[in-house]
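Down below is the structure, laid out as structure tokens.
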Amino acid sequence: MGTSASYNVGRTGYYQAALASADRLAAARAAVIARQQYLMREFLDGAARLEAAERAMANGDVQVASRIFMTVARARPVTAANQQARQRLDELADEGRRKLEQVGTRLTQAAQGLGTDQRLGINAPLPATWQQAVTAAFAEYEQVCEQYDGVPKLRGELRSHVAQQRQRPEFAAVLSEGQAAALMEVAQQHVRDDHACCAYWVYKEAAALVPAPSARQAALEVSRIEADPQLMAAARACRELQQCHQLYKRAESLAQAWPNRAVELLTEVLHRAPPESEVYRAADRRVREIAPAAADQESRRKHP
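Following the working numbering from start to finish, the sequence shown increments by one per residue and tops out at 304.
Here you go:
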């Protein structure tokens, strides 16, 4: 409310791509679990499961192999298979760490010859080669995290390392730029539509993504609008109206099953929205329509 969610940011190319990526990741994780479960059903003793895990490793399926190794390592009673599985997990942990180091080395090499301002996109666009290198490196980081997620000793270490890398300004500037640019696109469309009040809240959300170059540009726009009392008054009214629209939608979703609660939300809209606004008129009409059902529900609650 009062954020990009209210202003169709989800229609931009950046957000559509992000949603598609999340869907692919969820599907891949489900496939890993399905493959593991199949092998666990097919092979019931520790030695057979170790053999299945080794075959998965030979096929490059580290995710499935590590999960099977972990299951065998934790099995009771302790057998030779337990010890072997633990050893393989230690080896996989070392392998995952080496891969992290390799990605870090490639990032260091890509940064050579670039000054701090260039890596942050200050006074000039981010160099295309730097953007490509950082994007590719973090895609590799995510791949390593996914591959070795089943290795207990490594899981937290991987995620922590990648999170720290993401926070480094020279990487954050690249990684947040897509989202910041998408927000700027929406904000500027509001400006072209003469809706600077709506643009303010989207600029503000984009500005939170500093050090991305588009976020710095958004921060300048936020400062400019905040220096104008008239624009700020309009922006606050805009946010209030957006929140009223959200309350109205929530009330509509509850009207059938919970008319009492719907009337409460609609009454809040009537207290907050300007009387001349469309949402005020709609809320006023719906309160009168829902009120009988709400009264009936309240009566049944008091006299079951």
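Quick reminder that beta carbons are idealized off the backbone N, C-alpha and C, glycines included. Since the model is a prediction, treat every value here as computed from it, not as a measurement.
>> What does the Cβ neighbour count give for Leu266, buried or exposed, with the cut at 16 atoms within 10 Å?
In response: Stepping through the sequence shown from its first residue, residue 266 is reached at position 266. The residue is buried, with at least 16 neighbouring Cβ atoms inside 10 Å.
> With DSSP run on the structure shown, which of helix, strand or coil describes Ile122?
Replying inline: Residue mapping note: residue 122 aligns to position 122 of the sequence shown, counting from 1. In the structure shown, Ile122 sits in coil (DSSP, three-state: anything other than H, G, I, E or B).
> Can we say the segment 180-189 touches the segment 126-144, given the rule of at least three CB pairs closer than 8 angstroms?
Replying inline: Result no; under three Cβ-Cβ pairs closer than 8 angstroms.
> Exposed or buried, Gly60, counting other C-beta atoms within 10 Å across all chains shown (16 or more means buried)?
Replying inline: For the purposes of this step, residue 60 is taken as residue 60 along the sequence shown, with counting starting at 1. Classification for Gly60: exposed.
> Are the beta-carbon atoms of Val151 and Gly104 separated by less than 9 angstroms?
Replying inline: On the sequence shown, residue 151 is found 151 positions in, with the first residue counted as 1. On the sequence shown, residue 104 is found 104 positions in, with the first residue counted as 1. No, the Cβ-Cβ distance between Val151 and Gly104 is not below 9 angstroms.
>> Out of Ala251, Val144, Phe69, which one is the CA nearest neighbour of Val269?
In response: Counting from one through the sequence shown, the residue named residue 269 turns up at place 269. Closest by alpha carbon: Ala251.
> Given Asp284, which residues of its chain have a CB within under 7 angstroms of its CB, disregarding the five upstream and five downstream residues?
Replying inline: Walking along the sequence shown from the start, residue 284 turns up at place 284. Excluding residues within five positions, the ones whose Cβ falls inside 7 angstroms are Leu270.
> In three-state DSSP terms, what is Ala294?
Replying inline: Reading the sequence shown from its first residue, position 294 is the one you call residue 294. Look at Ala294 here: in three-state DSSP terms it is helix.
> Which of the three DSSP states, helix, strand or coil, is assigned to Leu353?
Replying inline: Any question about residue 353 goes unanswered here, given that the chain covers just 1 to 304.
> Just curious, the alpha helix (DSSP H) that Tyr141 is in, first and last residue?
Replying inline: Within the sequence shown, numbered from 1, the residue matching residue 141 stands at position 141. 128-147 is the extent of the alpha helix (DSSP H) around Tyr141.
>> Suppose you measure from the CA of Leu50 to the CA of Gln84; what does that come to, to the nearest Å?
In response: In the sequence shown, counting from the first residue as 1, residue 50 sits at position 50. In the sequence shown, counting from the first residue as 1, residue 84 sits at position 84. Computed Cα separation, rounded: 8 angstroms.
>> Rounding to the nearest angstrom, what Cα-Cα distance links Tyr200 and Val222 in this structure?
In response: For this step, residue 200 is matched to residue 200 along the sequence shown. For this step, residue 222 is matched to residue 222 along the sequence shown. Rounded to the nearest angstrom, the two C-alpha atoms are 6 angstroms apart.
> According to DSSP, is Gly96 helix, strand or coil?
Replying inline: The residue labelled residue 96 in the question sits at position 96 within the sequence shown. Three-state result, Gly96: helix.
> So what does DSSP say about Pro275, is it helix, strand or coil?
Replying inline: Within the sequence shown, residue 275 is the residue found at index 275, counting from 1. In the displayed model, Pro275 falls within coil according to three-state DSSP, outside both helix and strand.
> For Gly150, which three-state DSSP category applies?
Replying inline: As a position in the sequence shown, residue 150 is number 150, starting the count at 1. DSSP places Gly150 in coil when its eight states are reduced to three.
>> Taking the straight line between their C-alpha atoms, what separation do you get for Arg300 and Arg74?
In response: Position 300 of the sequence shown, counted from the start, is the residue given in the question as residue 300. Position 74 of the sequence shown, counted from the start, is the residue given in the question as residue 74. Rounded to whole angstroms, the gap between the alpha carbons of Arg300 and Arg74 is 55 angstroms.
> For Glu298, which residues from the same chain have a beta carbon less than 8 angstroms from its beta carbon, with the 5 sequence-adjacent residues on both sides left out?
Replying inline: Numbered from 1 along the sequence shown, position 298 holds the residue referred to as residue 298. If we look at Glu298 and ignore the five residues flanking it on each side, its Cβ neighbours are Asn260.
> On the three-state DSSP scale, how would you describe Leu241?
Replying inline: Along the sequence shown, one-based indexing puts residue 241 at 241. DSSP places Leu241 in helix when its eight states are reduced to three.
> So what does DSSP say about Trp201, is it helix, strand or coil?
Replying inline: Stepping through the sequence shown from its first residue, residue 201 is reached at position 201. The DSSP-derived three-state label of Trp201 is helix.
> Between Gly113 and Gly121, what straight-line distance do the alpha-carbon atoms span, to the nearest angstrom?
Replying inline: For the purposes of this step, residue 113 is taken as the residue at position 113 of the sequence shown. For the purposes of this step, residue 121 is taken as the residue at position 121 of the sequence shown. Answer to the nearest angstrom: the Cα atoms are 14 angstroms apart.
> Hey, is Ile122 close to the ligand HEM, as in C-beta under 8 angstroms from one of its heavy atoms?
Replying inline: Ligands displayed in this structure: none; no statement on the ligand HEM is therefore possible.
>> Rounded to the nearest angstrom, what separates Gln147 and Ala139 at their Cα positions?
In response: Within the sequence shown, the letter at position 147 stands for residue 147. Within the sequence shown, the letter at position 139 stands for residue 139. Those two C-alpha atoms are separated by around 12 angstroms.
> So, is Leu89 buried or exposed, given that buried needs 16 or more other C-beta atoms within 10 angstroms?
Replying inline: Residue mapping note: residue 89 aligns to position 89 of the sequence shown, counting from 1. Buried, because 16 or more other Cβ atoms sit within 10 Å of the Cβ of Leu89.
> Apart from the five residues just before and just after Ala173, which ones in its own chain have a Cβ nearer than 6 angstroms to its Cβ?
Replying inline: As a first step, residue 173 is located in the sequence shown; it is residue number 173 there, counting from the start. Excluding sequence neighbours, Ala173 sits near Leu120, Gly121, Pro211, Ala212.
>> Please classify Gly178 as buried or exposed, where buried requires at least 16 neighbouring CB atoms within 10 angstroms.
In response: Residue 178 sits at position 178 when you count from the first residue of the sequence shown. Label assigned to Gly178: buried.
> Under a three-way DSSP split, which group does Asp117 fall into?
Replying inline: Residue numbering aside, residue 117 sits at position 117 when the sequence shown is read from its first letter. It is helical.
>> So, under 8 angstroms CB-CB, Arg166 and Leu175 are touching, yes? Tell me the CB distance rounded to an integer number of Å.
In response: By 1-based counting over the sequence shown, the position of residue 166 is 166. By 1-based counting over the sequence shown, the position of residue 175 is 175. Under the criterion of beta carbons closer than 8 angstroms, Arg166 and Leu175 qualify as touching, at roughly 6 angstroms.
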